[in-house]
Amino acid sequence: MADQTCSISGLSALLSISGSSNATGAAQYICSQLKTAALITADLTTAIDATFLLFSAYLVFAMQLGFAMLCAGSVRSKNTLNIMLTNVLDAAAGALFYYLFGFAFAFGSPSNGFIGRHFFALKSVPSPGFDYPYFLFQWAFAIAAAGITSGSIAERTQFVSYLIYSSFLTGFVYPIVSHWFWSADGWAAANRNPNDSLLFGSGVIDFAGSGVVHMVGGIAGFWGALIEGPRIGRFDHKGKPVALRGHSATLVVLGSFMLWFGWYGFNAGSFITIAKSYGPLGSPINGQWSAIGRTAVTTTLAGCTSALTTLFGKRLQTGHWNVIDVCNGLLGGFAAITAGCAVVEPWAAVICGFVAAWVLIGFNRLAERFQYDDPLEAAQLHGGCGSWGVLFAGLFAKKEFVEEAYPGRPGRPYGLFMGGGGRLLAANVVQMLVIVGWVSATMGPLFFFLHEMGLLRISAEDELAGLDVTNHGGAAYVYFDEDASGGGSNGGGFMMKGVNSRVDPLLTPTSSIEV
Numbered sequence: 001m002a003d004q005t006c007s008i009s010g011l012s013a014l015l016s017i018s019g020s021s022n023a024t025g026a027a028q029y030i031c032s033q034l035k036t037a038a039l040i041t042a043d044l045t046t047a048i049d050a051t052f053l054l055f056s057a058y059l060v061f062a063m064q065l066g067f068a069m070l071c072a073g074s075v076r077s078k079n080t081l082n083i084m085l086t087n088v089l090d091a092a093a094g095a096l097f098y099y100l101f102g103f104a105f106a107f108g109s110p111s112n113g114f115i116g117r118h119f120f121a122l123k124s125v126p127s128p129g130f131d132y133p134y135f136l137f138q139w140a141f142a143i144a145a146a147g148i149t150s151g152s153i154a155e156r157t158q159f160v161s162y163l164i165y166s167s168f169l170t171g172f173v174y175p176i177v178s179h180w181f182w183s184a185d186g187w188a189a190a191n192r193n194p195n196d197s198l199l200f201g202s203g204v205i206d207f208a209g210s211g212v213v214h215m216v217g218g219i220a221g222f223w224g225a226l227i228e229g230p231r232i233g234r235f236d237h238k239g240k241p242v243a244l245r246g247h248s249a250t251l252v253v254l255g256s257f258m259l260w261f262g263w264y265g266f267n268a269g270s271f272i273t274i275a276k277s278y279g280p281l282g283s284p285i286n287g288q289w290s291a292i293g294r295t296a297v298t299t300t301l302a303g304c305t306s307a308l309t310t311l312f313g314k315r316l317q318t319g320h321w322n323v324i325d326v327c328n329g330l331l332g333g334f335a336a337i338t339a340g341c342a343v344v345e346p347w348a349a350v351i352c353g354f355v356a357a358w359v360l361i362g363f364n365r366l367a368e369r370f371q372y373d374d375p376l377e378a379a380q381l382h383g384g385c386g387s388w389g390v391l392f393a394g395l396f397a398k399k400e401f402v403e404e405a406y407p408g409r410p411g412r413p414y415g416l417f418m419g420g421g422g423r424l425l426a427a428n429v430v431q432m433l434v435i436v437g438w439v440s441a442t443m444g445p446l447f448f449f450l451h452e453m454g455l456l457r458i459s460a461e462d463e464l465a466g467l468d469v470t471n472h473g474g475a476a477y478v479y480f481d482e483d484a485s486g487g488g489s490n491g492g493g494f495m496m497k498g499v500n501s502r503v504d505p506l507l508t509p510t511s512s513i514e515v
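In structure tokens form, the structure reads like this:
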């Protein structure tokens, strides 16, 4: 590109030729105005990028509502208050611990390749490259990982355990992983500092977190559910699975649509900036805004393909059209495309979603065979489909898109099936292995310690009666006939009313115990 610098001497010479009596003064004025315009443009670009990032952070945070509705609908009504409260506290406790420690461990630069060491409690923020919108965006990601884990251990976990594991996950376990793969100082990051070597000359491409977020949350949930054991009644005395259906398909669908909406911020927002050109100035398509649009398209196609594949796949298995299975398939496709959403073609996203559906179906079959109980299929969905997504990025990443998303290293490896060799795939396989190892080495012992201390699982009596009445002061909702109680005139209408009294599970009539 030609030099765009305003030169007073050069402009003065041109003005002298045209007969200006004060060429130097005119040149100084014009150059000063151009410099002011350039500064204003830079400020405007920064403001546009910050607004884009904040809006993306709000979308990702809105996924917490999606998680809450999905979890509430997937559990039995007697545990609704409990699972809703855990979702609220994932965000609340996660905010405090990510503020105090997590953000520093993840992005505290300059640091070593293993862990960050600056920005504790946001000290020295804002600074170049690290402003408040970036913290908010990364916090929303951290609490998403904690929300995944809470689904795996739903309906049988002591409330204190939620507080302990959620704080530990968002304040330490997850930030270390995000440092490795997303920080410019991370030992395996694809966007590593220019003077640092890349893993296999490539670094790990996990653009929005199939591994960093979904595998971390899914594997943590796997260990929690495995150590706790299945819910009472989930398998019969012969080991055959018994369906313990959630109480509201409506909430499941609502939660799934909220997560779908938020995923556009999750994936497309991971570009961080939007006002960036890739090609000649003035081009309407060669810019980051177009790449962001393409990322939203690949996200949509992967999720929708997975949903449809799950619909027909489960129909062949069970003979039913099951909306819950379709919603889980949809989310599995989203979890899988998250790693490669910015670096693959739309047609490849269709392949990603198709395979993700069968990965989820396969892991669910394995879970039943080994009597593993996960009420929301969170470990299978996020851990299993997230793992496939990491591999998928190493197979289908396109050279042009990789160089746009990760500039400054021409000739870097890209997808194996796209002619880029196997180095990117090798780096992503390493990512999978280290995430499994790290999360297992940290969250596994934590859940085992809580189990040994008697702090993990509730009593059988509490589980049968439901956590709402035994731990949270009453049921989420109870329906009663106003006419039958003599209090109304609406002809048999029903009203939803909270119950404030605590119920002793030992005295609860059998008819009120929901299984």
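Just so you know, UniProt numbering puts 371 at position 371 of the sequence shown, and the rest follows in order with no gaps. Even for Gly, the Cβ is constructed at its ideal location relative to N, Cα and C.
TODO: Measure the Cβ-Cβ separation of phenylalanine 168 and leucine 446 and say whether it is below 8 Å.
DONE: Residue 168 sits at position 168 when you count from the first residue of the sequence shown. Residue 446 sits at position 446 when you count from the first residue of the sequence shown. Going by C-beta atoms, phenylalanine 168 is nearer than 8 Å to leucine 446.
- [ ] Can you tell me which of the three DSSP states valine 402 falls into?
- [x] Reading the sequence shown from its first residue, position 402 is the one you call residue 402. In the displayed model, valine 402 falls within a helix according to three-state DSSP.
Task: Proximal residues to isoleucine 48 (C-beta, below 6 Å), its chain only, five neighbours per side dropped - done: Within the sequence shown, the letter at position 48 stands for residue 48. Listed in chain order, the non-local C-beta contacts of isoleucine 48 below 6 Å within the same chain comprise Ala275, local neighbours out to five positions each way being set aside.
Open item on the list: Is the separation between the beta-carbon of aspartate 373 and that of glutamine 380 shorter than 8 Å?
Closed with: To locate residue 373, count along the sequence shown from 1; it is residue 373. To locate residue 380, count along the sequence shown from 1; it is residue 380. Aspartate 373 places its beta carbon 8 Å or farther from that of glutamine 380.
Open item on the list: Just to confirm my understanding: we take residue 521, look at its own chain, exclude 5 residues before and 5 after, and list those with CB closer than 8 Å. What are they?
Closed with: No answer is possible for residue 521: the residues shown for the chain start at 1 and end at 515.
Task: With 16 other Cβ atoms within 10 Å as the buried cut-off, status of serine 387 - done: Taking the first residue of the sequence shown as position 1, residue 387 is located at position 387. It is buried - the Cβ of serine 387 has at least 16 other Cβ atoms within 10 Å.
Task: proline 413 (DSSP reduced to helix, strand or coil) - done: Position 413 of the sequence shown, counted from the start, is the residue given in the question as residue 413. Note: proline 413 maps to coil in three-state DSSP.
Open item on the list: Between the alpha carbons of glycine 151 and aspartate 90, how many angstroms are there, rounded?
Closed with: Along the sequence shown, read from residue 1 onward, the residue named residue 151 stands at position 151. Along the sequence shown, read from residue 1 onward, the residue named residue 90 stands at position 90. Answer to the nearest angstrom: the Cα atoms are 11 Å apart.
Open item on the list: Alpha carbons only, please: which of Cys385, Gly233, Asp206 is nearest the one belonging to glutamate 463?
Closed with: To locate residue 463, count along the sequence shown from 1; it is residue 463. Selection Cys385, Gly233, Asp206 evaluated against glutamate 463 yields Gly233 as nearest (Cα-Cα).
Open item on the list: Please tell me whether leucine 391 and asparagine 428 are closer than 8 Å, where the distance is taken between their beta carbons.
Closed with: Sequence index remark: in the sequence shown, residue 391 carries index 391 (1-based). Sequence index remark: in the sequence shown, residue 428 carries index 428 (1-based). Against a cut-off of 8 Å, the Cβ pair of asparagine 428 and leucine 391 comes out as a contact.
Open item on the list: So the candidates are Phe105, Thr250, Asp196, Trp223; which of them puts its Cα closest to the Cα of alanine 441?
Closed with: Against the sequence shown, residue 441 aligns to sequence position 441. Considering only alpha carbons, the answer is Trp223.
Task: Residues that DSSP places opposite arginine 457 in a beta bridge - done: Residue mapping note: residue 457 aligns to position 457 of the sequence shown, counting from 1. The partner list for arginine 457 (beta bridge, DSSP) reads Thr157.
- [ ] Keeping to the same chain, check which residues put their C-beta closer than 7 Å to that of tryptophan 182; ignore five residues upstream and five downstream.
- [x] The sequence position of residue 182 within the sequence shown is 182, counting from 1. So the qualifying residues of the chain are Ala189, Val212.
- [ ] Can you check the stretch 343-398 for any alpha helix (DSSP H) of at least 4 residues that lies completely inside it and give the ranges in chain order?
- [x] DSSP runs (the alpha helix (DSSP H)) wholly in the stretch 343-398: 346-369, 385-396.
- [ ] Output the boundary residues of the alpha helix (DSSP H) element that contains phenylalanine 103.
- [x] One-based indexing of the sequence shown puts residue 103 at position 103. From DSSP, the alpha helix (DSSP H) with phenylalanine 103 extends over 103-107.
- [ ] For residue 519, collect the residues of the same chain with a Cβ closer than 8 Å to its Cβ; drop the 5 residues on either side in sequence, then sort them by chain order.
- [x] The first residue shown for the chain is 1 and the last is 515, placing residue 519 beyond what the model contains.
TODO: Verify whether the separation of the beta carbon atoms of glycine 217 and alanine 146 is less than 8 Å.
DONE: Residue 217 sits at position 217 when you count from the first residue of the sequence shown. Residue 146 sits at position 146 when you count from the first residue of the sequence shown. Taking a C-beta distance under 8 Å as the contact criterion, glycine 217 and alanine 146 qualify as a contact pair.
Open item on the list: If distances are taken between C-alpha atoms only, which option among Ala405, Gly246, Asn87 comes closest to lysine 78?
Closed with: Start at 1 with the first residue of the sequence shown, and residue 78 comes out as number 78. Considering only alpha carbons, the answer is Gly246.
TODO: Report yes or no: do the stretch 266-280 and the stretch 300-316 share at least 3 C-beta pairs separated by less than 8 Å?
DONE: With a cut-off of 8 Å, the stretch 300-316 and the stretch 266-280 do not count as touching, because too few Cβ pairs lie within range.
- [ ] Could you please give the first and the last residue of the uninterrupted alpha helix (DSSP H) stretch that includes methionine 84?
- [x] Position 84 of the sequence shown, counted from the start, is the residue given in the question as residue 84. First-last of the alpha helix (DSSP H) with methionine 84: 80-97.
Task: Under 8 Å between C-beta atoms of isoleucine 153 and glutamate 228 - done: For the purposes of this step, residue 153 is taken as the residue at position 153 of the sequence shown. For the purposes of this step, residue 228 is taken as the residue at position 228 of the sequence shown. Yes; because the gap between Cβ atoms is below 8 Å, this pair is in contact.
TODO: Please list, in chain order, all residues of the same chain as residue 575 whose beta carbon is under 7 Å from its beta carbon, the five residues on each side excluded.
DONE: This structure cannot settle anything about residue 575, because the visible part of the chain is limited to 1 through 515.
TODO: Please check if any C-beta of chain D sits within less than 8 Å of the C-beta of leucine 464.
DONE: Of the chains in the structure shown, none is chain D; there is only one protein chain.
Open item on the list: Rounded to the nearest angstrom, what separates isoleucine 115 and valine 436 at their Cα positions?
Closed with: Working through the sequence shown from its first residue, we reach residue 115 at position 115. Working through the sequence shown from its first residue, we reach residue 436 at position 436. Taking the straight line from one Cα to the other gives about 18 Å.
Open item on the list: Report the CB separation of isoleucine 205 from leucine 424 in whole angstroms; it is logged as a contact under 8 Å.
Closed with: Residue 205 sits at position 205 when you count from the first residue of the sequence shown. Residue 424 sits at position 424 when you count from the first residue of the sequence shown. Contact annotation, isoleucine 205 with leucine 424: C-beta distance approximately 6 Å; criterion of less than 8 Å satisfied.
Open item on the list: Please give the ranges of any alpha helix (DSSP H) in the stretch 159-247, keeping only runs that are unbroken, at least 4 residues long and fully inside the region.
Closed with: Fully enclosed alpha helix (DSSP H) runs of 4 or longer: 159-168, 174-182, 216-228.
Open item on the list: Quick check: what's the CA-CA separation for methionine 258 versus glutamine 64?
Closed with: Position 258 of the sequence shown, counting from 1, holds the residue named residue 258. Position 64 of the sequence shown, counting from 1, holds the residue named residue 64. One C-alpha to the other measures close to 9 Å.
- [ ] Taking tyrosine 264 as part of the alpha helix (DSSP H), name the residues at either end of that continuous run.
- [x] For the purposes of this step, residue 264 is taken as residue 264 along the sequence shown, with counting starting at 1. 249-268 is the extent of the alpha helix (DSSP H) around tyrosine 264.
- [ ] Please report the residue range of the alpha helix (DSSP H) in which isoleucine 337 lies.
- [x] In the sequence shown, the residue the question calls residue 337 occupies position 337. Start and end: 323-337.
Open item on the list: Applying the 10 Å Cβ sphere with the 16-neighbour rule, what's the burial state of leucine 199?
Closed with: Looking up residue 199 in the sequence shown gives position 199. With 16 or more Cβ atoms within 10 Å of its Cβ, leucine 199 is classed as buried.
Task: Alpha carbon of proline 280 to alpha carbon of valine 252, nearest angstrom - done: Stepping through the sequence shown from its first residue, residue 280 is reached at position 280. Stepping through the sequence shown from its first residue, residue 252 is reached at position 252. So the two alpha carbons sit approximately 46 Å from each other.
- [ ] Using the Cα positions of valine 177 and histidine 118, report the straight-line distance between them to the nearest angstrom.
- [x] Residue 177 sits at position 177 when you count from the first residue of the sequence shown. Residue 118 sits at position 118 when you count from the first residue of the sequence shown. Those two C-alpha atoms are separated by around 16 Å.
Open item on the list: For a quick check, are the C-beta atoms of alanine 220 and threonine 149 less than 8 Å apart?
Closed with: As a first step, residue 220 must be located in the sequence shown, where it is residue number 220. As a first step, residue 149 must be located in the sequence shown, where it is residue number 149. Cβ atoms of alanine 220 and threonine 149: closer than 8 Å.
Task: Coil, strand or helix - phenylalanine 67 by DSSP - done: Counting from one through the sequence shown, the residue named residue 67 turns up at place 67. Looking at phenylalanine 67 - three-state DSSP - the assignment turns out to be helix.
- [ ] Can you have a look at glutamine 371 and say buried or exposed, based on whether 16 or more other CB atoms are within 10 angstroms of its CB?
- [x] In the sequence shown, the residue the question calls residue 371 occupies position 371. When all chains shown are included, glutamine 371 counts as exposed.
Open item on the list: Taking the beta carbon of proline 413 as the centre, do at least 16 other beta carbons fall within 10 Å, making it buried, or is it exposed?
Closed with: The residue you call residue 413 lines up with position 413 of the sequence shown. Buried: at least 16 other Cβ atoms inside 10 Å.
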